[in-house]
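Numbering (the working numbering), first residue to last: 11 to 82.
Glycine included, C-beta positions come from ideal geometry on N, C-alpha and C.
These numbers were taken from a predicted model, which means no experiment stands behind them.
Below you'll find the structure, written out as structure tokens, and then a few comments.
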């Protein structure tokens, strides 16, 4: 009888270990995805900000070097 209880306890411990391991892997992958998405979005927004500044500079240079023609 005691031997059976020990086997059941060992079985439960093994199942709990595997469940926790699976949950850990899932959470780790979810966190990795969110961190990657956050940094990708941040870099993209920085790129758009730089692009906007570059476009403004190009517009200012175009206006400075404009030959005085009419804008239609």
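For residue 69 and residue 34, the rounded distance between their alpha carbons: 52 Å
Could you check what DSSP says for residue 17 in three-state terms: helix, strand or coil? helix
Assigned secondary structure, residue 75 (DSSP; H/G/I helix, E/B strand, else coil): coil
Coarse secondary structure for residue 11, derived from DSSP in three states: coil
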